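Here's the structure we're looking at; comments come further down.
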Amino acid sequence: MSLIVQKFGGSSVANADRVRNVASIVTDTYKAGNDVVVVVSAQGDTTDDLIAKAKELNDKASKREMDMLMSAGEQISIALLAMTIEKMGFPVVSMLGWQAGFITNSVYSSARIKTMKTDRVSSALDKHQIVVVAGFQGINKYDDITTLGRGGSDTSAVALAAALHADRCQIFTDVEGVYTADPRKVNGALKLKEITYDEMLELATLGAQVLNNRSVEMAKKYNVELEVLSSMKRVPGTIVKEKVKMEEMLIRGVTKDTNCARISLVGIDDVPGVAFKLFNQLAKKNINVDIILQSIGREGSKDITFTVSKDNADEAVELIKQMPYFSNCEISCNTDVAKVSVVGAGMESHPGAAALMFEALYDAGINIKMISTSEIKISVLIALEDADKAVKAVHDRFFNTKNL
Ligand code: ADP
Ligand code: ASP
Ligand code: MG
222 MSLIVQKFGG SSVANADRVR NVASIVTDTY KAGNDVVVVV SAQGDTTDDL
272 IAKAKELNDK ASKREMDMLM SAGEQISIAL LAMTIEKMGF PVVSMLGWQA
322 GFITNSVYSS ARIKTMKTDR VSSALDKHQI VVVAGFQGIN KYDDITTLGR
372 GGSDTSAVAL AAALHADRCQ IFTDVEGVYT ADPRKVNGAL KLKEITYDEM
422 LELATLGAQV LNNRSVEMAK KYNVELEVLS SMKRVPGTIV KEKVKMEEML
472 IRGVTKDTNC ARISLVGIDD VPGVAFKLFN QLAKKNINVD IILQSIGREG
522 SKDITFTVSK DNADEAVELI KQMPYFSNCE ISCNTDVAKV SVVGAGMESH
572 PGAAALMFEA LYDAGINIKM ISTSEIKISV LIALEDADKA VKAVHDRFFN
622 TKNL
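For the sequence shown, my numbering gives the first residue as 222, with consecutive numbering after it.
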């Protein structure tokens with residue numbers, strides 16, 4: 222007998238028919254002789270709708286109250302799925318995050334799981350019940366509800382799979398697996414049979430929303446093999462694991478992130494300690510900085526440009542304005558930018574990848590504003606309006622067989 226964790230995203234439980242479909246996948250797995258723990262997200266656009274409702278009343282609501290509100294979506298899904306499974310004649314119990322033992326820190330709206338207390342889930346499994354758990358939520362030391370950040374149900378599923386030592390963790394979604402680009406946006410995107418944790422982590426962090434990046438980080442840490450597959454079509458999906466067979470693939474995927482802002486500080490004094498003071502201050506406020514560019518010094522001054530996520534841009538600019546160090550420099554912030562990236566372990570041994578990407582962008586008439594590279598990724602910052610065109614052009618260049 223195996224223990225299988227199955228996670229279903231919002232579109233997979235969007236309406237009664239979809240909930241019935243999920244119930245049939247879950248009960249088929251159970252009938253085949255497995256223990257099953259199911260993690261579900263809020264139905265369809267429920268989480269977005271809840272956020273919109275909050276904004277109508279208080280657009281600066283505290284994150285604690287936002288978590289109280291946003292966690293409600295998953296509560297509806299678990300009850301609906303459990304009662305559907307109940308009607309089909311199977312033993313089932315639904316649990317909220319705290320009942321399933323998700324103990325988190327107190328960073329409301331993007332809490333991290335600290336420990337898992339899975340006794341209640343385990344004893345339900347001992348009674349041969351199907352356990353349906355609300356994704357995306359946990360509880361902190363003050364007994365307050367917390368949420369794990371958007372897309373956090375993937376992380377809930379991986380955390381449960383790790384804590385319960387599950388044999389398999391399946392992430393069911395509305396596409397058939399992980400593709401070389403978003404299959405809804407790029408014609409000709411190819412489904413990958415396998416991808417490594419490291420590549421998937423880069424893709425997820427750089428905008429491929431099919432898996433939440435924290436879930437991949439956790440899967441790597443606890444060595445939980447993931448399968449991403451469709452809830453609508455019963456065909457094999459993509460396996461995410463430590464090592465994969467090296468196919469003749471220079472890159473594994475192309476992705477875009479439109480949640481970017483570029484902040485420039487022009488005319489900073491060219492003295493030691495500037496970068497430290499700037500980025501230390503941002504780090505203290507939990508503002509993540511991505512691409513950083515510093516110009517060479519000239520006539521005693523230099524410029525620093527960097528990117529942050531759009532939601533952090535205003536706070537970052539305010540912080541910098543309050544720092545006496547930067548009182549003489551010109552500060553600007555541009556939110557009409559996007560980051561387009563290629564990811565793949567194959568690039569380590571093929572130095573031509575960057576040139577191929579830049580050529581594709583040049584041929585498409587797209588101007589590059591910033592560049593950043595690591596061993597397995599190349600990212601460029603471009604105008605927001607060019608993002609989709611850039612992804613298509615780059616994808617076509619890499620996955621058009623004659624260029625491989
Ligand atoms: P769920 O609600 O199941 O969590 P998400 O909407 O979070 O689903 O993620 C699935 C979506 O991710 C797909 O519908 C697809 O449009 C998008 N996506 C972006 N990049 C990729 C990619 N490289 N491979 C597959 N899907 C991708
Ligand atoms: N419902 C949450 C969200 O929309 C969590 C999830 O879907 O994973 O972000
Ligand atoms: Mg998701």
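Cβ atoms here follow ideal geometry from the backbone N, Cα and C, with glycine treated the same way.
None of these values were measured; they are calculated from a predicted model.
Cα separation between residue 269 and residue 331?
Roughly 16 Å between the two C-alpha positions.
Just to confirm my understanding: we take residue 440, look at its own chain, exclude 5 residues before and 5 after, and list those with CB closer than 7 Å. What are they?
Counting only Cβ-Cβ distances below 7 Å, and skipping sequence neighbours, we find 379, 418, 447, 461.
With DSSP as the reference, please indicate the residues paired to residue 474 in a beta bridge.
According to DSSP, residue 474 bridges with 564.
With 16 other CB atoms within 10 Å as the buried threshold, where does residue 553 fall?
Exposed, because fewer than 16 other Cβ atoms sit within 10 Å of the Cβ of residue 553.
Taking 7 Å as the cut-off, decide whether the C-beta atoms of residue 203 and residue 361 are in contact.
Not covered by the structure: residue 203. The range shown for the chain is 222 to 625.
Kindly give me the distance between the Cβ atoms of residue 525 and residue 472, rounded to whole angstroms, as I take these residues to be in contact under 8 Å.
30 Å between Cβ atoms; not a contact.
So for residue 516, helix, strand or coil by DSSP?
Three-state result, residue 516: coil.
Does DSSP put residue 625 in a helix, a strand or coil?
Summary for residue 625: the model assigns pLDDT 44, below 50, so the residue's position carries little reliability, and this model does not support an answer.
What residues are listed by DSSP as bridge partners for residue 555?
For residue 555, which the question treats as bridged, DSSP gives the partners 483.
So for residue 355, helix, strand or coil by DSSP?
DSSP places residue 355 in strand when its eight states are reduced to three.
Below 8 Å, can you find three or more Cβ-Cβ pairs linking the segment 598-614 to the segment 559-577?
Contact holds: three or more Cβ-Cβ distances are below 8 Å.
What are the complete alpha helix (DSSP H) segments, minimum 4 residues, inside the segment 268-341?
Qualifying alpha helix (DSSP H) stretches, in chain order: 284-291, 293-308.
Is any heavy atom of the ligand MG found at a distance shorter than 6 Å from the C-beta of residue 372?
The answer is yes for residue 372.
Going by beta-carbon coordinates alone, are residue 431 and residue 383 separated by less than 7 Å?
Taking 7 Å as the Cβ cut-off, residue 431 and residue 383 do not qualify as a contacting pair.
If you count every other CB in all the chains shown that lies within 10 Å of the CB of residue 588, and 16 or more means buried, which is it?
By the neighbour-count rule (16 or more Cβ atoms within 10 Å), residue 588 is not buried but exposed.
Closest by CA to residue 603, which one among 571, 617, 579?
Residue 603 has its Cα closest to that of 579, out of 571, 617, 579.
Can you check whether the CB of residue 299 is closer than 7 Å to the CB of residue 315?
The answer is yes: Cβ separation under 7 Å.
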